[in-house]
Amino acid sequence: MFELAYTSRASEMMAPNQLEELLAEAIEFNTSHDITGLLLYNDGIFFQVLEGEEYAVRNLFANIKKDFRHYDVRTIYEQSLVQRHFKDWSMRFYNVSPDQRQQGHSDIIHTKLNETENWVMPSTAMVLVDAFQHL
Ligand SMILES: Cc1cc2nc3c(=O)[nH]c(=O)nc-3n(C[C@H](O)[C@H](O)[C@H](O)COP(=O)(O)O)c2cc1C
Numbered sequence: 255m256f257e258l259a260y261t262s263r264a265s266e267m268m269a270p271n272q273l274e275e276l277l278a279e280a281i282e283f284n285t286s287h288d289i290t291g292l293l294l295y296n297d298g299i300f301f302q303v304l305e306g307e308e309y310a311v312r313n314l315f316a317n318i319k320k321d322f323r324h325y326d327v328r329t330i331y332e333q334s335l336v337q338r339h340f341k342d343w344s345m346r347f348y349n350v351s352p353d354q355r356q357q358g359h360s361d362i363i364h365t366k367l368n369e370t371e372n373w374v375m376p377s378t379a380m381v382l383v384d385a386f387q388h389l
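The sequence shown maps to residues 255 to 389 in my numbering.
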């Protein structure tokens, strides 16, 4: 099992219905390709974790990178996994933008995401993954 995390910048601010559309696509594809993961959207910034067989994750990521809806795609970390973090989620999604945040998103998550946005550390991203895995 393999996992990859990246951040990117949305080409334009994503409206809730655009995010829903993107997510629906992702869920359909991921379900049929045994890919799981996490997608966060924070005011124009995406953070995504993709998990699955390495070739499947790499193929999907190559496709995602070409998507016009975002740019400045930067891999934060890649690692092999014994166990998936989001095994029950073909793509767990949270909109953590300040005006869209739902209950349960503490400020620490927001702070960590902002740090990630500044390309700090894989370890910061892992804190995020851990936090969302247990939400
Ligand atoms: C931030 C972001 C995350 C995405 N995540 C996924 C995903 O997890 N799975 C997926 O199939 N498509 C995802 N997509 C959509 C793909 O980039 C692409 O549109 C989709 O795979 C269809 O590609 P195709 O038109 O070449 O078939 C994502 C797009 C963006 C912008």
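C-beta: ideal position from N, C-alpha, C; glycine also. If you're wondering where the values come from, they're calculated on a predicted model, not measured in any experiment.
Check                                                                                           : Outcome
Alpha helix (DSSP H) segments (min. 4 residues) lying fully within the region 260 to 311        : 270 to 286
Buried or exposed by the 16-neighbour rule on C-beta atoms within 10 Å, applied to MET268       : buried
Pair within 8 Å by beta-carbon distance, ASN296 and VAL350                                      : yes
Any non-hydrogen atom of ligand 1 within 7 Å of ARG323 CB                                       : yes
Simplified DSSP assignment, three categories, for LEU389                                        : coil
Run of the beta strand (DSSP E) containing GLN333, from where it starts to where it stops       : 324 to 334
Cβ contact check for the region 329 to 342 and the region 297 to 316: 3 or more pairs under 8 Å : yes
Straight-line gap, TYR325 to VAL311 (C-alpha atoms, nearest Å)                                  : 19 Å
Environment of LEU389 [buried if 16+ CB atoms lie within 10 Å]                                  : exposed
Contact test: ALA316 Cβ vs ligand 1 heavy atom, cutoff 7 Å                                      : no
Assigned exposure category for TYR260 - 16 Cβ within 10 Å defines buried                        : buried
Cα-Cα separation between LEU292 and MET345, rounded to whole angstroms                          : 5 Å
Start and end residues, beta strand (DSSP E) containing ARG346                                  : 346 to 349
Near ligand 1: ALA259 beta-carbon under 7 Å from a heavy atom                                   : no
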